[in-house]
Every structure is written in structure tokens, then in C-alpha cells.
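A.B. asks: To start, I am sharing the structure in question, which I have written as C-alpha cells.
In the working numbering, the protein residues as written are 7 to 173.
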């Protein structure tokens, strides 16, 4: 992934502008705007009332830059890993319902860890210094509507979203 592809010039399009609850602090600067396709993974487990229910396990998605190149892998944590090996992990600090009921919520996440390393282990990887991640314009990804019937059954719910990275 070239830094030029993730420069501030690729700030989110107007359609990706969040409501006030998902805004980053005023001193944050946009770094990268990506489009993700992937799945949200759910597992059938017993809840506190001893009923089988779908519980969220992890995301698995590929994020693409504005010209369509795969640049970041999104997995459990939630985490994001660039092609140079730099990796960030975030935790949600705000959420807002999506436009449709069968879609996962939009989120603002603050990064809580950053290895900041590139492919040779040096400091300064593509994702180093990313402080916030927004998940916007979500479509799909909600837990399956059908009841789960067997413990440990796995379901994959396809989704689409825009992810915006802020430094």
C-alpha cells in the first residue's frame, strides 16, 4: 500500500460524513478512506437464559483504496493490518444505528494499541499514528434472522461499509 493512496487527499466523500455522535475530535486529520467488503461471523451459543442465540464473534473483511486496490485486512480485535505489516486495534467509543435494520451499526473507534511497524519491523508503518477509525454507511452484517438450532453453529453475514482512518 503506498502512502500516497492513503494520504489526507483521500478524505471521506460527502456521503460518508457522520452525524455528530461519530465525529472525531477537531484535532484529528483524515488519513485514508476505504471501502470494505466482507463478513461478520456469528456463532450459535447459549445465552444467560439458556436459549440458543447468535453471538457476534469477529469481522473478516478486505478494505480497498479509492482505486480498488486491497490495502488493509480487517479481523478480530477489532484489528486492521496494512500490507506492510503495521497493525492497529481499536475499541468503540460511539455508535449509531445504520439506515436499515438488517445492518450493523456505524461506529467510531479509538485505537488502543499500535505496533506501528512496517514490513521490516521499523517504526512508521502505514497505520502508525492512526488514532481513530470510523465505520460508516454499513449495509448488511447483522446476525441471521433465522434461529440457530445447534450450539457452535457458525453463520457468515455479508456486509459492506466505508472505513475512514484518522491521525
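By construction, the Cβ of each residue, glycine as well, lies at the ideal position given by its N, Cα and C atoms.
My output table needs one value for residue 114: the three-state DSSP class, helix, strand or coil.
C.D. replies: Here residue 114 refers to the residue found at position 108 when the chain shown is read from its first residue. Strand, per DSSP.
A.B. asks: Using 8 Å as the threshold, is the region 151-159 in touch with the region 51-64, meaning 3 or more CB pairs across them?
C.D. replies: Yes: at least three Cβ pairs fall under 8 Å.
A.B. asks: Just to confirm the assignment, what range does the beta strand (DSSP E) spanning residue 68 have?
C.D. replies: Working through the chain shown from its first residue, we reach residue 68 at position 62. 58-70 is the span of the beta strand (DSSP E), which, as asked, contains residue 68.
A.B. asks: Give the DSSP-derived three-state secondary structure of residue 163 in the structure shown.
C.D. replies: Position 157 of the chain shown, counted from the start, is the residue given in the question as residue 163. Looking at residue 163 - three-state DSSP - the assignment turns out to be strand.
A.B. asks: If you draw a straight line from the alpha carbon of residue 162 to that of residue 63, how long is it in whole angstroms?
C.D. replies: Stepping through the chain shown from its first residue, residue 162 is reached at position 156. Stepping through the chain shown from its first residue, residue 63 is reached at position 57. Between residue 162 and residue 63, the C-alpha separation is close to 10 Å.
A.B. asks: Going by C-alpha to C-alpha distance, which of 59, 116 and 47 sits closest to residue 135?
C.D. replies: Residue mapping note: residue 135 aligns to position 129 of the chain shown, counting from 1. Residue 116 is the option with its Cα nearest to residue 135.
A.B. asks: Using only the alpha-carbon positions, how far apart do residue 46 and residue 143 sit?
C.D. replies: Numbered from its first residue, the chain shown carries residue 46 at position 40. Numbered from its first residue, the chain shown carries residue 143 at position 137. Answer to the nearest angstrom: the Cα atoms are 15 Å apart.
A.B. asks: Within a Cβ cutoff of 6 Å, which residues of the same chain sit near residue 149, ignoring the five residues on either side of it in sequence?
C.D. replies: Reading the chain shown from its first residue, position 143 is the one you call residue 149. Same-chain partners within the cutoff: 48 and 60.
A.B. asks: Among the candidates 78, 35 and 108, whose CA atom is the shortest distance from the CA of residue 92?
C.D. replies: Translated into positions along the chain shown, residue 92 becomes position 86. Among 78, 35 and 108, the Cα nearest to that of residue 92 belongs to 78.
A.B. asks: Going by the CB atoms, is the gap between residue 112 and residue 28 shorter than 7 Å?
C.D. replies: The residue labelled residue 28 in the question sits at position 22 within the chain shown. The residue labelled residue 112 in the question sits at position 106 within the chain shown. Result yes, Cβ atoms of residue 28 and residue 112 sit closer than 7 Å.
A.B. asks: What do you reckon, are the CB atoms on residue 140 and residue 95 nearer than 7 Å?
C.D. replies: The count along the chain shown starts at 1 and reaches residue 140 at position 134. The count along the chain shown starts at 1 and reaches residue 95 at position 89. For residue 140 and residue 95, no; Cβs fall outside 7 Å.
A.B. asks: Using a Cβ-Cβ cutoff of less than 8 Å, which residues in the same chain neighbour residue 34 once the five nearest sequence positions on both sides are dropped?
C.D. replies: Numbered from 1 along the chain shown, position 28 holds the residue referred to as residue 34. Within the same chain, residue 34 has close Cβ partners 137, 138, 172 and 173.
A.B. asks: Quick one: Cα of residue 165 to Cα of residue 70, how far?
C.D. replies: Here residue 165 is taken as the residue at index 159 of the chain shown, counted from 1. Here residue 70 is taken as the residue at index 64 of the chain shown, counted from 1. Cα to Cα, the separation comes out at about 14 Å.
A.B. asks: Please determine, among 145, 55, 32 and 154, the residue with the shortest C-alpha to C-alpha distance to residue 103.
C.D. replies: The residue given as residue 103 occupies position 97 in the chain shown. Nearest of 145, 55, 32 and 154 to residue 103, Cα basis: 145.
A.B. asks: Judging by CA-CA distance, which residue of 31, 153, 152 and 133 is the nearest neighbour of residue 38?
C.D. replies: Sequence index remark: in the chain shown, residue 38 carries index 32 (1-based). Ranking 31, 153, 152 and 133 by Cα distance to residue 38 puts 133 first.
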